[in-house]
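Asks: First the structure, then my questions, so here it is.
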Amino acid sequence: MITISNLLTKLFIIILVIVFVTSFSASYNSLNIDNLAFVIALGIDKSDTNELEVTFEFSAVDPSSEGTLSTKPVFNTVQCSSITNGINMMNAYLDRKVNLSHCKLIVFSEEIAKDGIADEIYSLINETQVRPSSNIVVSKCNSKYYIENSTPTLESLVTKYYQIFPNTSEYTGYTCNATIGDFFNNISSNYSDPYAILGGINNSDNSSNSETVNDSTIKSNETPITGTRKTQNIGLAVFDNDKLVGELNAIETACFLNIEKKIDTFLISIPNPEIVDNKIDIYLTPNTTHKIDVSIVNGAPYVKIKLRFSGKIYSMTRDAQYLDNKILDKISNSCNTYLESQFSNYLYKTSNVFKSDINQFGSYALSEFTTTSEFENYDWQNNYKNSTFDIDIETIIDSGFLLNQT
10 MITISNLLTK LFIIILVIVF VTSFSASYNS LNIDNLAFVI ALGIDKSDTN
60 ELEVTFEFSA VDPSSEGTLS TKPVFNTVQC SSITNGINMM NAYLDRKVNL
110 SHCKLIVFSE EIAKDGIADE IYSLINETQV RPSSNIVVSK CNSKYYIENS
160 TPTLESLVTK YYQIFPNTSE YTGYTCNATI GDFFNNISSN YSDPYAILGG
210 INNSDNSSNS ETVNDSTIKS NETPITGTRK TQNIGLAVFD NDKLVGELNA
260 IETACFLNIE KKIDTFLISI PNPEIVDNKI DIYLTPNTTH KIDVSIVNGA
310 PYVKIKLRFS GKIYSMTRDA QYLDNKILDK ISNSCNTYLE SQFSNYLYKT
360 SNVFKSDINQ FGSYALSEFT TTSEFENYDW QNNYKNSTFD IDIETIIDSG
410 FLLNQT
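Written out as structure tokens, the structure reads:
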């Protein structure tokens, strides 16, 4: 016998099923993988009409899947008044919904970066699908050309290449893992400035230019490297607030990373104290005793930096006496002098020339002020250019790997 209570229960279940199916069917249809267009890289240029020109690099399948791409990545470009408007126009063109949750790389051309990119950064951060871990690149060439020619040589998937190439900073110091999240935090701060990976193209003309062979001064667009991939990522793009103001080369980038404690090992070439006009390759490992102190002296920042390294000799010659402690001491002193010069040049270049505190020394200076308003009134970002730096570097050089193990 069916009771009123049973009828009400069945009616409630039927209504619940109808509501559930109705609510989720539309969502399923719009977010179905077959209805999405997955962006793996964005290129942002300035158009001839001073609007934006946004290039989308799409993956043929969901980049989070384990399958390989069945076709090459697809590139589409749109001229628009804003990134948001460009995404909306691309939605209509593709008849799919643009999805940015797997975007690995955001590339700005040098031209647009010099004018300021705050609006674009805020728009992208406001887009919930954009991950803060997405890397940001400033390209010395057109950003559309950059992403179209970023074909990996040792990876089957371009998404994998975009994901791993910034990690080379940990063992070369030639580039940096610069993310849009860090860029946003620095641009929003009153004690630091943003930075980005410096990208460019392989210039075959440099292969015959002996002046560019010095590995400490190379950077994108100026290296003697040739290969199947037409793009390269060496150096850093330095910003003052949201405007590009300069570039760092390889050794300057290594200096930045050492101060940030974001490098495991790196190679340098120092003058050989035993042979005139000869260099020795040293493989350095930063110690954990790095120390930074910032104080205000006579109204100007006074920055003390203490850095300690251990190193091994990488280049060997037959007659080298690298087991002689006196020789090793001379090499250590040469290494100290070289590093102090490089760090000093880097620090005064970024502070006096670029007027940019990309190492966030301002955060160390906060303790010098009683209140936040007192620090704000000091106007760190304008006073940083008056900084004086005291650099204390000590390196302990061991013999080479082979000699040390025999």
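Here the sequence shown is numbered in this note's numbering, starting from 10 and rising by one per residue.
Glycine residues also receive a C-beta, built at the ideal position from the N, C-alpha and C atoms.
Under three-state DSSP, which class holds Pro175?
Replies: Helix.
Asks: Short of 6 Å in beta carbon distance, which residues of its chain neighbour Tyr347, apart from the five on each side in sequence? Order them along the chain.
Replies: Closer than 6 Å at Cβ, skipping near neighbours: Ile279.
Asks: For Tyr171, tell me which candidate among Leu293, Asp191, Ile130, Ser142 has the shortest Cα-Cα distance.
Replies: Nearest C-alpha to Tyr171: Ser142.
Asks: Rank Ala69, Asn151, Lys123, Ile134 by C-alpha distance to the C-alpha of Asp54 and give the top, closest one.
Replies: Closest by alpha carbon: Asn151.
Asks: I'd like the ranges of any alpha helix (DSSP H) spanning at least 4 consecutive residues and lying wholly in the segment 319-363.
Replies: Runs of the alpha helix (DSSP H) inside the segment 319-363: 334-357.
Asks: Can you check which of these residues, Thr64, Tyr102, Glu60, is closest to Asn44 by C-alpha distance?
Replies: Asn44 has its Cα closest to that of Tyr102, out of Thr64, Tyr102, Glu60.
Asks: Taking the beta strand (DSSP E) that Ser304 belongs to, which residues open and close that run?
Replies: Residues 300-306.
Asks: Among the residues of its own chain, which have a CB less than 6 Å from the CB of Ile402, if the five just before and after it don't count?
Replies: The residues are Leu316, Asn345, Leu348, Glu349.
Asks: Look up Ile291 in the DSSP assignment and give the residues it is bridged to.
Replies: Paired residue(s): Ile277, Ile322.
Asks: On a Cα-Cα basis, can you pick out the residue from Ile130, Arg105, Ile227 that is closest to Ile115?
Replies: Ranking Ile130, Arg105, Ile227 by Cα distance to Ile115 puts Ile130 first.
Asks: Mind checking Gln138: buried by the 16 CB within 10 Å criterion, or exposed?
Replies: Label assigned to Gln138: exposed.
Asks: By Cβ distance below 8 Å, which residues in the same chain neighbour Lys153 in space, the five residues on each side in sequence not counted?
Replies: Once the five neighbours on either side are set aside, the close Cβ partners of Lys153 are Gly52, Asp54, Glu62, Thr64, Phe84, Thr86.
Asks: If the criterion is Cβ atoms closer than 8 Å, does the pair Thr188 and Ile49 meet it?
Replies: Not in contact: Thr188 and Ile49 (Cβ atoms no closer than 8 Å).
Asks: Could you compute how far the alpha carbon of Asn391 sits from the alpha carbon of Asn194?
Replies: Taking the straight line from one Cα to the other gives about 18 Å.
Asks: What does the alpha-carbon distance come out to for the pair Leu257 and Lys228?
Replies: Their backbone Cα atoms lie some 8 Å apart in a straight line.
Asks: Identify every residue that forms a DSSP beta bridge with Leu61.
Replies: Paired residues: Lys55, Cys89.
Asks: On the three-state DSSP scale, how would you describe Tyr204?
Replies: Strand at Tyr204.
Asks: For Ile405, count neighbouring C-beta atoms within 10 Å of its own C-beta (all shown protein chains included) and say buried if the count is 16 or more, exposed if not.
Replies: Answer is exposed; the Cβ neighbour count stays below 16.
Asks: Looking at the structure shown, is Ala46 part of a helix, part of a strand, or coil, going by DSSP?
Replies: In the structure shown, Ala46 sits in a strand (DSSP, three-state: E or B).
Asks: Below 8 Å between beta carbons: does that hold for Gly209 and Lys252?
Replies: Cβ atoms of Gly209 and Lys252: not closer than 8 Å.
Asks: Tell me the residue span of the beta strand (DSSP E) that contains Ile406.
Replies: Start and end: 397-407.
Asks: Expressed to the nearest angstrom, what Euclidean distance is found between the alpha-carbon atoms of Asn386 and Phe370?
Replies: About 17 Å.
Asks: Quick check for students: name the residue ranges of the beta strand (DSSP E) that lie wholly in the segment 75-154, counting only runs of 3 or more.
Replies: Segments of the beta strand (DSSP E) lying fully in the segment 75-154: 83-89, 106-108, 114-118, 144-148.
Asks: Using beta-carbon positions only, say whether Asn144 and Asn211 come within less than 8 Å of one another.
Replies: Result no, Cβ atoms of Asn144 and Asn211 do not sit closer than 8 Å.
Asks: So for Ile210, helix, strand or coil by DSSP?
Replies: Looking at Ile210 - three-state DSSP - the assignment turns out to be strand.
Asks: Have a look at Glu383, Ser56, Leu207 and flag the residue whose alpha-carbon is nearest the alpha-carbon of Ile7.
Replies: The displayed coordinates of the chain run from 10 to 415. Any statement about residue 7 would go beyond what the structure contains.
Asks: Is there a Cβ from chain D that is less than 8 Å from the Cβ of Val139?
Replies: Annotation note: the requested chain D is absent from the structure, which comprises a single protein chain.
Asks: For Tyr355, which residues of its own chain have a beta-carbon under 6 Å away from its beta-carbon, when the five flanking residues on both sides are left out?
Replies: The residues are Glu261, Cys264.
Asks: Considering Cα atoms alone, identify which of Gly182, Leu375, Ala69 is closest to Thr294.
Replies: Of the listed residues, the one whose Cα sits closest to Thr294 is Gly182.
Asks: If you drop the 5 nearest sequence neighbours on each side, which residues of the same chain put their C-beta closer than 8 Å to that of Asp399?
Replies: Same-chain partners within the cutoff: Tyr311, Val312, Lys313, Ile314.
Asks: Please go through the same chain and pick out, in chain order, the residues whose beta-carbon is closer than 6 Å to the beta-carbon of Lys300, but skip the five residues on each side of it.
Replies: Answer for Lys300: Lys315, listed in chain order.
Asks: In this structure, how does DSSP classify Tyr180 when only helix, strand and coil are distinguished?
Replies: Tyr180 falls in the helix class under three-state DSSP.
Asks: So is Thr240 buried or exposed if we call it buried at 16+ other beta carbons inside 10 Å?
Replies: Classification for Thr240: buried.
Asks: Within the same chain, show all residues whose beta-carbon is closer than 8 Å to that of Asp407, passing over the 5 residues directly before and after it, in chain order.
Replies: So the qualifying residues of the chain are Ser319, Gly320, Lys321, Ile322, Leu337, Asn413.
Asks: Is Thr240 helix, strand or coil by DSSP?
Replies: Reduced to three states, the DSSP call for Thr240 is strand.
Asks: Does the beta carbon of Ile301 fall short of 7 Å from some heavy atom of the ligand GTP?
Replies: In the structure on display, the ligand GTP does not appear, and there are no ligands present to speak of.
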